[in-house]
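Asker: Here the numbering used here is used: position 125 in the sequence shown is 1572, and no number is missing along the way.
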Amino acid sequence: MHNIVGIDEVGRGTIAGPVVSASIVLDKKLLLGNPQKFNDSKKLSEKERLNKFQIIVYSNSFFSIGAASHEEIDIYGIVEATKLSMKRSINKLKTNIDIILIDSINLDIKEKNIGFNKADSISVSVAAASILAKVARDQMMTKIYNNLYPGYFFESNKGYGSKAHIESLNSIGVSKIHRKSFKPVSNLLI
1448 MHNIVGIDEV GRGTIAGPVV SASIVLDKKL LLGNPQKFND SKKLSEKERL
1498 NKFQIIVYSN SFFSIGAASH EEIDIYGIVE ATKLSMKRSI NKLKTNIDII
1548 LIDSINLDIK EKNIGFNKAD SISVSVAAAS ILAKVARDQM MTKIYNNLYP
1598 GYFFESNKGY GSKAHIESLN SIGVSKIHRK SFKPVSNLLI
């Protein structure tokens, strides 16, 4: 079997925090066992996602996490920052790579990579990467940024533009981790 790497990202549509990517070469036992158990992280409940995360982490899978900060998103734009987070994730992966499967993006890297729409719903490896990235980013937002920047309700909105989050922006202003190039944050800076 070849080392097929699945990559996915989370946090592209948030107004605060980083974009986070995960790369994974899924343990062959997970691939051959019950691959239907993995699905796009957005289609899983938080409890299901955490359960799948534990299965992946305690398997013999090779995986890594990469991120691009809110500053990098403001400087380079979300697409280039997403690619940067993916490249960082790939560079930290400690295994040989034969081919990389990516959700919707092609990367300009030496390794052969194929980007296709809905990869996180088609490829078990990309779905597993989706789960890793989602749990990692959610943990950053709830355990770190929620404590550093209270009042924005990151424990519940994870940086997405919920009603409570927008109300907090309007009442207490923009924090250091808000994406200044994203609306409605950019509107508050005028």
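Backbone N, C-alpha and C define an ideal beta-carbon position, used for all residues, glycine too.
Please read all numbers here as calculations on a predicted model, not as lab measurements.
Which whole-angstrom value describes the C-beta separation of I1454 and S1536, a residue pair presumed to lie in contact below a C-beta threshold of 8 Å?
Answerer: Taking the sequence shown and counting its residues from 1, the one referred to as residue 1454 is at position 7. Taking the sequence shown and counting its residues from 1, the one referred to as residue 1536 is at position 89. Indeed they touch by this definition, with Cβ atoms about 6 Å apart.
Asker: In whole angstroms, give me the CA-to-CA distance for K1490 and I1637.
Answerer: For this step, residue 1490 is matched to residue 43 along the sequence shown. For this step, residue 1637 is matched to residue 190 along the sequence shown. Between K1490 and I1637, the C-alpha separation is close to 37 Å.
Asker: One question on the structure: do T1529 and V1582 come within less than 8 Å of each other, judged by their Cβ atoms?
Answerer: Here residue 1529 refers to the residue found at position 82 when the sequence shown is read from its first residue. Here residue 1582 refers to the residue found at position 135 when the sequence shown is read from its first residue. Contact flag unset, no.
Asker: Would Y1599 be called buried (16 or more neighbouring beta carbons within 10 Å of its own) or exposed?
Answerer: Numbered from its first residue, the sequence shown carries residue 1599 at position 152. Label assigned to Y1599: buried.
Asker: Any C-beta of chain C sitting closer than 8 Å to the C-beta of S1470?
Answerer: No chain C appears in the structure shown, which is made up of a single protein chain.
Asker: Could you spell out the range, first to last residue, of the alpha helix (DSSP H) harbouring L1554?
Answerer: The sequence position of residue 1554 within the sequence shown is 107, counting from 1. No alpha helix (DSSP H) holds L1554; DSSP gives it neither H nor E.
Asker: Using a Cβ-Cβ cutoff of less than 6 Å, which residues in the same chain neighbour D1545 once the five nearest sequence positions on both sides are dropped?
Answerer: Here residue 1545 refers to the residue found at position 98 when the sequence shown is read from its first residue. Correct list, in chain order: H1449 and N1450.
Asker: Assuming the contact rule is C-beta atoms closer than 8 Å, A1463 and G1620 should be a hit. Round their C-beta distance to whole Å, please.
Answerer: Against the sequence shown, residue 1463 aligns to sequence position 16. Against the sequence shown, residue 1620 aligns to sequence position 173. Incorrect: roughly 12 Å between the Cβ atoms, too far for contact.
Asker: Going straight from the alpha carbon of L1497 to that of F1601, what length do you get?
Answerer: Within the sequence shown, numbered from 1, the residue matching residue 1497 stands at position 50. Within the sequence shown, numbered from 1, the residue matching residue 1601 stands at position 154. Each residue's Cα considered, the two are about 18 Å apart.
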